[in-house]
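Engineer:
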């Protein structure tokens, strides 16, 4: 019986093809918009999370000074970090995989006729491990190079592209600031991090080389700490904070004079914001779904008036009011569900193209697809109810007389 | 089912529209018994109450006052769905207009009552075909009403009324749109259904020629029965 009624509804919809399509359009657009916006939103979230992940997994970055809002800037009065601080963290903190101290500066790098300004990092091999770089060509620093602060360097993919074009950089001599450096390794490209920062635009030298010949002091600018997988970065950060406060003699109640940035925390914050935005966009799109439902109700009411005689005939020849009601309700549900299915297809296609155009990953959101489907069917039930009840309550004699 | 009551029994049935000064008595105290197997013609001028009586007999409407028993069921106080059940089980309708579904084939129109009786599709089609053959439209099953002449449309409507093999056939001016040859054919068909299958037929008409096919004829005037007489069945 339900099947027969659905067939009847489908035939009725086919009979008024253009009107049915226009009626469905509201739901199509509503569902399509929800799917497209949520998919693109999730794609953006995934992209941001991935980018932050590229900076290094479970990465904590310690630097001297604080990001004060008061305009004092960073590290104005705070004593710099020292190599001993990094060693203390490596030695005394539980849940740490690797620690890399880095002396950072920037310098002009020159090879042949080409030159550019880039960031220069002085560290050791653990820097690559902590920051998630891998060697594409050549090798890491040797123990001797690290210890003596030899003029050896490992370059990022951007330096290679800019200065060497297609030439092999390994074994060549690159001038970094005033030092003539032998290029011993080339890093594999990591691509852009979030906020458009190029992570391949760097040159890494042994720390002592940078301290002695570029920065001219034995300060270090950052300590990179890789927290052990499974160990909460927050917990590890708290331990480091305690240690550094002690080492730097910060009294109880006095603010930190150093900063620990927790990538996982930043990632969670950004992802949270992005998810909230996606939900907001989805909710706005859902409003148009309701508008689409009202469109269906409108047309169904017109349809009931138009088909009053038909309803009279059906009632006279033995249809229950409830069966007539079911027929009109099913018509509304079929219309809205069909609109929902078309909307889902268009929404997925739209978000696929949008994802490509915005170079975001295409994320299929099965929960939203299912939810949209159910919701569009529900729109049919809710907005089909009133017209269907109107049809069911018609008096057969009156209805048969209707012209 | 008790044999003590006739199939149809009206006692002191009134149907009133409006109130006070503007009250209209469409039926003004009707007493009527129709037994199984009768073929009754109801005649009268327009406004005589014959259509109102028909609507009440066909369970499309309820009396304002008085008792109506159909097959031992007290109709007067039945809820709407009860009326529908009675229509479903006992009554087939042929309306004054054609009242076919537009843009729907003759076959599907005839099948419609069976859809609501939950008859399976294959049987539905077969029975609808049989009914259409009975009214001589077996070669027009796929035509929509707009592709059929008035007479053919009315025959589709008769097939639709017959397809459920009802105990009672209610016909409101069934031959109003048929030429005389078809009128005679249809009336003979109704006679045959009445005689051979025992279907009780109640027919409203204003043509004495058509009424002559019935076994009994009632004449209505001003909401009352003016005359009620048995007549020799037409040859």
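Protein chains in written order, with my numbering: chain Y, 62 to 464; chain H, 359 to 593. Heads up, the beta-carbon is just placed ideally off N, CA and C, and yes, glycines get one too.
(1) Would you be able to state if there are at least three C-beta pairs under 8 Å between the segment 396 to 407 of chain H and the segment 441 to 452 of chain H?
(2) Which one of Y/65, Y/87, Y/96 has the shortest CA to CA distance from residue 341 of chain Y?
(3) Say whether chain Y places a C-beta atom closer than 8 Å to the C-beta of residue 574 of chain H.
(4) What does residue 445 of chain H reach in chain Y if we use C-beta pairs closer than 8 Å?
(5) Answer yes or no: do residue 464 of chain H and residue 495 of chain H have a C-beta to C-beta separation smaller than 8 Å?
(6) When we look at the beta-carbon of residue 598 of chain H and count the other beta-carbons within 10 Å, is it buried (16 or more) or exposed?
(7) Residue 209 of chain Y lies in the alpha helix (DSSP H); which residues open and close that run?
(8) My output table needs one value for residue 36 of chain Y: the three-state DSSP class, helix, strand or coil.
(9) For residue 216 of chain Y, which beta-bridge partners are listed by DSSP?
(10) Return the bridge partner residues of residue 287 of chain Y from the DSSP annotation.
(11) Report the three-state DSSP secondary structure of residue 417 of chain H (helix, strand or coil).
(12) Buried or exposed, going by whether 16 or more other CB atoms sit within 10 Å of the CB of residue 408 of chain H?
(13) So which residues on chain H does residue 459 of chain Y lean against when the C-beta distance must stay under 8 Å?
(14) So within the segment 351 to 409 of chain Y, which uninterrupted alpha helix (DSSP H) runs reach at least 4 residues, ignoring any that extend past its ends?
(15) Could you pull out every residue in the same chain whose Cβ sits closer than 6 Å to the Cβ of residue 578 of chain H, ignoring the five residues on either side in sequence?
(16) Would a C-beta distance cut-off of 8 Å place residue 294 of chain Y and residue 121 of chain Y closer than the cut-off?
(17) For chain H, check one thing: does any of its Cβ atoms lie closer than 8 Å to the Cβ of residue 65 of chain Y?
(18) To the nearest angstrom, how far is the alpha carbon of residue 583 of chain H from that of residue 570 of chain H?
(19) Please list, in chain order, all residues of the same chain as residue 394 of chain Y whose beta carbon is under 7 Å from its beta carbon, the five residues on each side excluded.
(20) Rounded to the nearest angstrom, what separates residue 306 of chain Y and residue 151 of chain Y at their Cα positions?
(21) Indicate whether residue 147 of chain Y and residue 281 of chain Y have their beta-carbon atoms separated by less than 8 Å.
(22) In chain order, what residues of the same chain lie with their CB nearer than 8 Å to the CB of residue 451 of chain Y, ignoring the 5 residues before and after it?
(23) Counting only the same chain and skipping the five closest in sequence on each side, list residues whose C-beta sits under 6 Å from that of residue 476 of chain H.
(24) Quick check: is any heavy atom of the ligand MG less than 7 Å from the C-beta of residue 540 of chain H?
(25) Check whether the Cβ atoms of residue 318 of chain Y and residue 308 of chain Y sit closer than 8 Å, and answer yes or no.
(26) Between the C-alpha atoms of residue 194 of chain Y and residue 248 of chain Y, what's the straight-line distance to the nearest angstrom?
(27) Give the straight-line distance between the Cα atoms of residue 73 of chain Y and residue 438 of chain H, rounded to the nearest whole angstrom.
(28) When burial is assigned at 16 or more other CB atoms within 10 Å of the CB, is residue 173 of chain Y buried or exposed?
(29) If we count the other Cβ atoms within 10 Å of its Cβ and call it buried at 16 or more, is residue 206 of chain Y buried or exposed?
(30) Whole angstroms is fine: what's the gap from residue 339 of chain Y's alpha carbon to residue 261 of chain Y's?
(31) Measure how close the beta-carbons of residue 429 of chain Y and residue 99 of chain Y come, nearest whole angstrom, since I'm counting them as under 8 Å.
(32) Distance, Cα to Cα, residue 94 of chain Y vs residue 337 of chain Y?
Structural biologist: Reading from the atomic positions:
(1) no
(2) Y/96
(3) no
(4) 377, 378, 379
(5) When the beta-carbon positions are compared, residue 464 of chain H and residue 495 of chain H come within less than 8 Å of each other.
(6) Since the first and last residues shown for chain H are 359 and 593, residue 598 of chain H lies out of range.
(7) 204 to 209
(8) Since the first residue shown for chain Y is 62 and the last is 464, residue 36 of chain Y is missing from the structure and cannot be characterised.
(9) For residue 216 of chain Y, which the question treats as bridged, DSSP gives the partners Y/247, Y/264.
(10) Y/120, Y/159
(11) Correct three-state label for residue 417 of chain H: coil.
(12) buried
(13) Residues of chain H passing the Cβ test: none, with the nearest at roughly 10 Å.
(14) 369 to 377
(15) Cβ within range, chain order: 402, 406, 407, 408.
(16) yes
(17) yes
(18) 18 Å
(19) Taken in chain order, the residues that qualify are 438, 441, 442, 445.
(20) 16 Å
(21) The criterion of a C-beta distance shorter than 8 Å is satisfied by residue 147 of chain Y and residue 281 of chain Y.
(22) 362, 365
(23) Within the same chain, residue 476 of chain H has no close Cβ partners at all.
(24) Ligands displayed in this structure: none; no statement on the ligand MG is therefore possible.
(25) no
(26) Residue 194 of chain Y and residue 248 of chain Y: Cα-Cα distance of roughly 7 Å.
(27) 26 Å
(28) exposed
(29) So residue 206 of chain Y counts as buried.
(30) 31 Å
(31) 5 Å
(32) 17 Å
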